[in-house]
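The sequence shown begins at 1 in my numbering and counts up one residue at a time. We treat Cβ as the ideally placed atom computed from N, Cα and C, and that holds for glycine. Remember, it's a predicted structure, so these values are computed and weren't measured experimentally.
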Amino acid sequence: MELAAHACRSLCSWHRTPKLLDGLPLLACRGCGSQWVRSEPWTPIDHTGRIPEDVRAQLRER
Numbered sequence: 001m002e003l004a005a006h007a008c009r010s011l012c013s014w015h016r017t018p019k020l021l022d023g024l025p026l027l028a029c030r031g032c033g034s035q036w037v038r039s040e041p042w043t044p045i046d047h048t049g050r051i052p053e054d055v056r057a058q059l060r061e062r
């Protein structure tokens, strides 16, 4: 499975999903549906410009 990547709509709200990708928790943006796992080289931010707590928790596991 590949990560979904969609154009940002400035509605970013990143949250953990119940799914795993290659054994890693899958996070998704409720604004556009893009997905992220902690092995990715970039860090998602919310529409507020802040790193969401669900993302921070995954970054601590890197």
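- In the three-state scheme derived from DSSP, where H, G and I count as helix and E and B as strand, LEU59 is classed as helix.
- Around the beta-carbon of ALA57, fewer than 16 other beta-carbon atoms lie within 10 Å, marking it exposed.
- In this structure, ARG60 is the residue among ARG9, CYS29, ASP46 and ARG60 with its C-alpha nearest to the C-alpha of ARG38.
- Rounded to whole angstroms, the Cβ separation of LEU27 and TRP42 is 12 Å, and the two are not in contact under 8 Å.
- Following the DSSP letters along the chain, one finds TRP42 in no beta strand (DSSP E), marked with neither H nor E.
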